[in-house]
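Accompanying notes for the structure given below.
Protein chains in written order, with the numbering used here: chain A, 1 to 242; chain B, 243 to 620.
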């Protein structure tokens, strides 16, 4: 369970150009389900994803992971509960690396290196043996049908292939939560449906999926267990408070 | 432990592939870097080798040289002074030396003329340095023409040419019989240019020098250590001038490195954002940049040192000889004996690697501390 309590995020605090992207959001996200954040551009979806994914800290409010993060990060009380908003950067990075897999709107693959290297990148700082990371990366590439491109530079991939590589990269550390930001923005209808099928396979594997999108193929999909509508940084419909 | 090694291995792998991805930028940086290390290294090794060479040669120099001064300038010294100096307790021998300089207007060069000890050189013959032979295009058996004090030509048969190995001190040397030298310069008999004094106990040198100065107030005793110091100063001064010029080059290099490093391209910044967003810590990014910098700086350092070594000790420093060996028509041509120690290498390392490391790590650190959500917004 991911719990958000009165979470707000402001940028350029105290300056003339201060703006608040997320306002007092309280939300409970069930584990093992697909939750879609729906809303127009500027509604605060991406900012909320970055806060949940430990990429940024909220200006106020609390975010709690319950029974999701690895035991090594869980609190000493044995409840398996971590309040990520109060953790130092080092721990936050550790949780981000082991608990979350990110799929970005622009794919964000590192240009000039091979597909295989891109997939292995998130595992480099873990110090896991090269052979086992490589083996897992190849398995993922085969799973998403891009294994034949393993040694090719990512620059040569089509949009659909690049996204499948980005998905493989998101899964390399076997995260419990997969976060996707506008994953179908650069895909045609066929590839968008294919992405949702892949999301369905994550769900079947017991992962929690969190998608920000304003694409009907995503939020109208039967796979979406919960759709949370946002506007102007607030939740306007759907979702339940913790 | 294994995980730490693996982590470094992964990051080094990625650092190498990152360097290869930006071939153009990194190769140009490497080329400039190698050039700087090569130049600074060449100067440092050259000065060190010259000093060592000079020190080795001066090992055979007399313990003390006594000159006579007239009106504050060096003048001929009566050989009779030598007999009295030889009688001072502690002096083991006194040898009068006869030498002088000769300006050759035909080629614009200065020669050092020296009388051979005793009768080791037959009258009418001379042994010449290789510089003189090259300038005058002389071979053994040819005749060397000089003009005496009255302008009359003097012919000396070249009996031999000194080997290149002695070039540092002998390139411009002409050794002839004492009688020929006296006739050439019209030097009166019973006089010498200076006196070479040998002393039994080197600790007594200063005391003996003081005694000589007291006994002969018109003389100036010069100790071997003072000659060595002068040589050191000359080489340091010449080297120092080049070092000043090189400091400008180093500064340019630092600015270049700083510019390259601070000018992290938008793509590099984006890449750092991506790495952070997929779980890399600031420390991991810094480690990556550290390894990238280490590969560049160590490669440049090694290549620069090897090139400098080859330039000096295999090719006799063709790029620097005019500035460092002296300004003259006759340049010594000799092969330096390699004289590099750990201290010099350490100084060179500090002069070249540290500025680069500072210039690259700080901006990378600035870029690495950005919030990872920047990647989400790109």
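Every residue gets a Cβ at the ideal spot worked out from N, C-alpha and C, and that includes glycine.
Is residue i a contact residue of the ligand FAD, with contact defined as CB to any heavy atom under 7 Å?
{"i": "residue 471 of chain B", "result": "Looking for the ligand FAD in the displayed structure turns up nothing, as the structure carries no ligands at all."}
Of all Cβ atoms in chain A, is any one closer than 8 Å to the Cβ of residue i?
{"i": "residue 560 of chain B", "result": "no"}
{"i": "residue 615 of chain B", "result": "yes"}
{"i": "residue 522 of chain B", "result": "yes"}
{"i": "residue 536 of chain B", "result": "no"}
{"i": "residue 507 of chain B", "result": "no"}
{"i": "residue 513 of chain B", "result": "yes"}
{"i": "residue 248 of chain B", "result": "yes"}
{"i": "residue 253 of chain B", "result": "yes"}
{"i": "residue 532 of chain B", "result": "no"}
{"i": "residue 474 of chain B", "result": "no"}
{"i": "residue 414 of chain B", "result": "no"}
{"i": "residue 256 of chain B", "result": "yes"}
{"i": "residue 526 of chain B", "result": "yes"}
{"i": "residue 471 of chain B", "result": "no"}
Give the interface partners of residue i over in chain B, defined as CB-CB distance under 9 Å, in chain order.
{"i": "residue 35 of chain A", "result": "Neighbours of residue 35 of chain A on chain B: none; closest Cβ ~17 Å, over 9 Å."}
How would you write the range of the alpha helix (DSSP H) that residue i sits in, first residue to last?
{"i": "residue 24 of chain A", "result": "No alpha helix (DSSP H) holds residue 24 of chain A; the beta strand (DSSP E) holding it covers 19-29."}
{"i": "residue 522 of chain B", "result": "It is not in any alpha helix (DSSP H) - residue 522 of chain B carries neither H nor E in the DSSP assignment."}
{"i": "residue 246 of chain B", "result": "244-263"}
{"i": "residue 47 of chain A", "result": "45-52"}
{"i": "residue 59 of chain A", "result": "Taken as a continuous stretch (DSSP letters only), residue 59 of chain A belongs to no alpha helix (DSSP H), as it is neither H nor E."}
{"i": "residue 325 of chain B", "result": "321-328"}
{"i": "residue 15 of chain A", "result": "Taken as a continuous stretch (DSSP letters only), residue 15 of chain A belongs to no alpha helix (DSSP H), as it is neither H nor E."}
{"i": "residue 591 of chain B", "result": "584-610"}
{"i": "residue 449 of chain B", "result": "447-457"}
Would you please verify whether the beta carbon of residue i is less than 8 Å from any beta carbon of chain B?
{"i": "residue 261 of chain A", "result": "Because chain A in this structure spans residues 1 to 242, residue 261 of chain A falls outside the shown range and cannot be described."}
{"i": "residue 169 of chain A", "result": "yes"}
{"i": "residue 102 of chain A", "result": "yes"}
{"i": "residue 17 of chain A", "result": "no"}
{"i": "residue 125 of chain A", "result": "yes"}
{"i": "residue 90 of chain A", "result": "yes"}
{"i": "residue 96 of chain A", "result": "yes"}
Name the chain B residues whose beta carbon is nearer than 7 Å to that of residue i?
{"i": "residue 48 of chain A", "result": "Near residue 48 of chain A there are no residues of chain B at all, since even the closest Cβ is about 11 Å away, more than 7 Å."}
{"i": "residue 93 of chain A", "result": "521 and 523"}
{"i": "residue 237 of chain A", "result": "In chain order: nothing, as chain B lies at least about 24 Å away."}
Looking at the unbroken beta strand (DSSP E) that takes in residue i, where does it start and where does it end?
{"i": "residue 236 of chain A", "result": "234-237"}
{"i": "residue 462 of chain B", "result": "461-465"}
{"i": "residue 363 of chain B", "result": "No beta strand (DSSP E) contains residue 363 of chain B, which DSSP labels as neither H nor E."}
{"i": "residue 102 of chain A", "result": "100-103"}
{"i": "residue 226 of chain A", "result": "226-231"}
{"i": "residue 37 of chain A", "result": "34-38"}
{"i": "residue 82 of chain A", "result": "81-83"}
Give the residues of chain A in contact with residue i, contact being defined as C-beta atoms less than 7 Å apart.
{"i": "residue 259 of chain B", "result": "113 and 117"}
{"i": "residue 245 of chain B", "result": "127"}
Which residues of chain A have a Cβ atom closer than 9 Å to the Cβ of residue i, listed in chain order?
{"i": "residue 555 of chain B", "result": "Under the 9 Å cutoff, chain A gives no residues; its nearest Cβ is about 41 Å from residue 555 of chain B."}
{"i": "residue 516 of chain B", "result": "104, 108, 109, 110 and 121"}
Exercise. In chain order, which beta strand (DSSP E) runs of at least 3 residues are fully inside the region 120-167 of chain A?
Worked result: The qualifying runs do not exist here; there are none.
Exercise. Taking only runs of the beta strand (DSSP E) that begin and end inside the region 157-218 of chain A, which ones reach a length of at least 3 residues, in chain order?
Worked result: Listed in chain order, the beta strand (DSSP E) elements of length 3 or more contained wholly in the region 157-218 of chain A are 177-181 and 208-213.
For this session: Using a Cβ-Cβ cut-off of less than 7 Å, list which residues of the region 128-159 of chain A approach chain B; keep chain order.
Result: Going along the region 128-159 of chain A in chain order, one finds 128, 129 and 130 with a Cβ nearer than 7 Å to chain B.
Exercise. Which runs of the beta strand (DSSP E) fall wholly inside the region 373-445 of chain B and span at least 3 residues, in chain order?
Worked result: For the region 373-445 of chain B, whole beta strand (DSSP E) runs of length 3 or above, ordered along the chain, are 385-389, 395-403, 415-418 and 436-441.
Exercise. If you measure beta-carbon to beta-carbon, which residues of the region 174-194 of chain A are closer than 9 Å to chain B?
Worked result: For the region 174-194 of chain A, which is checked against every Cβ of chain B, the residues closer than 9 Å are 181.
Problem set entry | Residues in the region 53-68 of chain A having any Cβ partner in chain B nearer than 8 Å | Within the region 53-68 of chain A, the qualifying residues are 55 and 56.
Exercise. Which runs of the alpha helix (DSSP H) spanning at least 4 residues fall entirely within the region 282-358 of chain B, listed in chain order?
Worked result: Complete alpha helix (DSSP H) runs here, min 4: 321-328.
For this session: Can you give me, in chain order, the residues of the region 290-304 of chain B that have a beta carbon less than 9 Å from any beta carbon in chain A?
Result: Listed in sequence order: no entries.
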